[in-house]
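The numbering of the sequence shown is our numbering, which starts it at 1 and goes up by one.
Even for Gly, the Cβ is constructed at its ideal location relative to N, Cα and C.
Since the structure is predicted, the reported quantities are computational estimates derived from the model, not experimental observations.
These notes concern the structure reproduced below.
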Amino acid sequence: MTILFEHARKLDAAGQVDDFWMLVDGDTILASGGDGMPPDADETVDVGGHWLVPGFIDLHGHGGGGHSYDDAAEEIAAGLATHRAHGTTRSVVSLVANPLPRLLESLATIADLADTDPLILGSHLEGPFLSQPRRGAHNPAYLLEPQPLEVEELIGAARDTLRQVTIAPELPGALETIDVLVEAGIAVSVGHTEADFDQAREAFDRGARILSHAFNAMPGIHHRAPGPVVAAFEDERVTIELILDGLHVHPDVAGMTFRSAPGRIALITDSMAAAGSVDGDYQLGSLNVTVRDGLAVLSGTNTIAGSTLTQDAALRCAVEQAGVHPIAAITALTLTPARTLGLEHAFGYLKAGFTADAVILDNGFNVRGVWAAGAPLLPFAA
Numbered sequence: 001m002t003i004l005f006e007h008a009r010k011l012d013a014a015g016q017v018d019d020f021w022m023l024v025d026g027d028t029i030l031a032s033g034g035d036g037m038p039p040d041a042d043e044t045v046d047v048g049g050h051w052l053v054p055g056f057i058d059l060h061g062h063g064g065g066g067h068s069y070d071d072a073a074e075e076i077a078a079g080l081a082t083h084r085a086h087g088t089t090r091s092v093v094s095l096v097a098n099p100l101p102r103l104l105e106s107l108a109t110i111a112d113l114a115d116t117d118p119l120i121l122g123s124h125l126e127g128p129f130l131s132q133p134r135r136g137a138h139n140p141a142y143l144l145e146p147q148p149l150e151v152e153e154l155i156g157a158a159r160d161t162l163r164q165v166t167i168a169p170e171l172p173g174a175l176e177t178i179d180v181l182v183e184a185g186i187a188v189s190v191g192h193t194e195a196d197f198d199q200a201r202e203a204f205d206r207g208a209r210i211l212s213h214a215f216n217a218m219p220g221i222h223h224r225a226p227g228p229v230v231a232a233f234e235d236e237r238v239t240i241e242l243i244l245d246g247l248h249v250h251p252d253v254a255g256m257t258f259r260s261a262p263g264r265i266a267l268i269t270d271s272m273a274a275a276g277s278v279d280g281d282y283q284l285g286s287l288n289v290t291v292r293d294g295l296a297v298l299s300g301t302n303t304i305a306g307s308t309l310t311q312d313a314a315l316r317c318a319v320e321q322a323g324v325h326p327i328a329a330i331t332a333l334t335l336t337p338a339r340t341l342g343l344e345h346a347f348g349y350l351k352a353g354f355t356a357d358a359v360i361l362d363n364g365f366n367v368r369g370v371w372a373a374g375a376p377l378l379p380f381a382a
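Right under this line is the structure:
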């Protein structure tokens, strides 16, 4: 069945087009344009002058809607449903540090889900190969120095669905582990680390291509010690994750980050179960988390424990508070994460040959409708 989206304002990494139309055939964009009469279709969606943007891609999230991705398959699916209603059409499912048998089980569960749900792009091990002093909301009892046998076990359990591994490159064996992961086609992210500028740069030279949630759980920028953030700024190969909720990173610092690494920012959620839900008490892995006024912290501490962010809220924060141009902000939610995973041939643009993932936004960048692979996840009501 074909669907025609018409009377839209298109916004993607290629720019803005007013009075835009897009023809979808099944799960693929068949044609698009901004001039002349649009073609006929089996169904027509009158976008009514709202924004039409590609579906968002979240490289890094742990839950939503009261559900954690560290739990059973049903909980993961329920958490993903919350984010899909906020415009995230494709997700990488992230796991915190847990005992190795639990991680193996979780990776297998995500692989099973990905077999039947193409909107799940795979898994992300944020733990266990992290620095103890920079562990954040990861249980210190479950942090490990990388060992070849354990790394191979984790890769095997994921059955070719392990997309990303966060690692502190200063750990013994970390650089050799980066080699193994890169050879296996898995994106390596530098994060939860005490690494200095030179250690981060060496990790990037070994093949690490992501900086996990920039500025959080790592040394900051000092005029005599530039640290991993500046190393990532200077390396055109590196994607820089950013949690843009106005709490993890000041909006002015976020704006500086966009200017310092244009086209290389990926807006992630790093969301825990309270994203899209209410304040209260939750769990992140094995640790208790308290959420008050939308800020998640380890219970009884001031340590931030993930976010309550959805990607549409990150878009609004980028444009309204950080002063990021809407094209750059949309790129950070779509094409940049797609390219980071080697999927830029299929996602990130609203043009012929690309996957029919699309989001309708009103003038305030609030989600009004969501489609993934040509199927409605949130029907649009004019």
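Note to self: So Gly348 and Gly26 are supposed to be a Cβ contact under 8 Å. How far apart are they, rounded?
What the structure shows: Going by Cβ atoms, the distance from Gly348 to Gly26 rounds to 19 Å, so no, they are not a contact pair.
Next item on the list: Quick one: which unbroken alpha helix (DSSP H) runs of 4-plus residues sit fully inside the region 144-186? Chain order, please.
Entry: 148-158 and 174-183
Check: Any contact of the region 35-54 with the region 69-85, i.e. 3+ C-beta pairs under 8 Å?
Finding: Not touching, per the Cβ criterion.
Check: What does a CB cutoff of less than 7 Å around Gly63 pick up in its chain, not counting 5 residues either side in sequence?
Finding: Tyr69, Gly79, Ser271, Met272, Ala273 and Ala275, listed in sequence order.
Item checked: Assumed close pair Phe56, Gly87 - CB separation to whole angstroms, cut-off 8 Å -> 5 Å
Next item on the list: Return the CA-CA distance between Arg9 and His50, expressed in angstroms with no decimal places.
Entry: 6 Å
Checklist line | Segment contact, 8 Å Cβ cut-off, at least three pairs: the region 274-293 with the region 216-225 | finding: no
Next item on the list: Take Asp235 and list the residues in its own chain whose beta-carbon comes closer than 6 Å to its own, dropping the five residues that flank it on each side.
Entry: Phe204
Next item on the list: Compute the beta-carbon to beta-carbon distance between Ala195 and Ala168, rounded to the nearest angstrom, for a pair I have assumed lies under 8 Å.
Entry: 7 Å
Margin query: Given this structure, state the Cα-to-Cα distance separating Met1 from Val359, to the nearest angstrom.
Written below: 19 Å
Check: Thinking C-alpha only, which one of Trp21, Leu30, Pro379 and Ile155 is nearest Phe354?
Finding: Leu30
Next item on the list: For Phe233, collect the residues of the same chain with a Cβ closer than 7 Å to its Cβ; drop the 5 residues on either side in sequence, then sort them by chain order.
Entry: For Phe233, where only same-chain residues beyond five positions count, the Cβ hits under 7 Å are Ser260 and Ala261.
Notebook entry, point to check: Helix, strand or coil: which one does DSSP assign to Glu75?
Noted result: helix
Notebook entry, point to check: Taking C-beta to C-beta, are Thr308 and Val319 nearer than 8 Å?
Noted result: no
Next item on the list: Return yes when the Cβ of Leu95 is within less than 8 Å of the Cβ of His124, no when it is not.
Entry: Yes; because the gap between Cβ atoms is below 8 Å, this pair is in contact.
Item checked: Alpha-carbon spacing of Ala382 relative to Trp371, whole angstroms -> 15 Å
Margin query: I need the boundaries of the alpha helix (DSSP H) containing Ile29, first residue and last residue.
Written below: Looking at the DSSP string, Ile29 is not in any alpha helix (DSSP H); the run it does join, the beta strand (DSSP E), is Thr28 to Gly33.
Next item on the list: Measuring alpha carbon to alpha carbon, tell me which of Leu247, Gln199 and Ile330 ends up nearest Asp293.
Entry: Comparing Cα positions, the closest option is Leu247.
Notebook entry, point to check: Start and end of the alpha helix (DSSP H) containing Ile304?
Noted result: Ile304 -> no alpha helix (DSSP H), and no H or E assigned at all.
Next item on the list: Quick one: give me the first and last residue of the beta strand (DSSP E) that Arg368 is part of.
Entry: Val367 to Ala372
Check: Taking Cβ positions, are Pro146 and Thr193 nearer each other than 8 Å?
Finding: Against a cut-off of 8 Å, the Cβ pair of Thr193 and Pro146 comes out as no contact.
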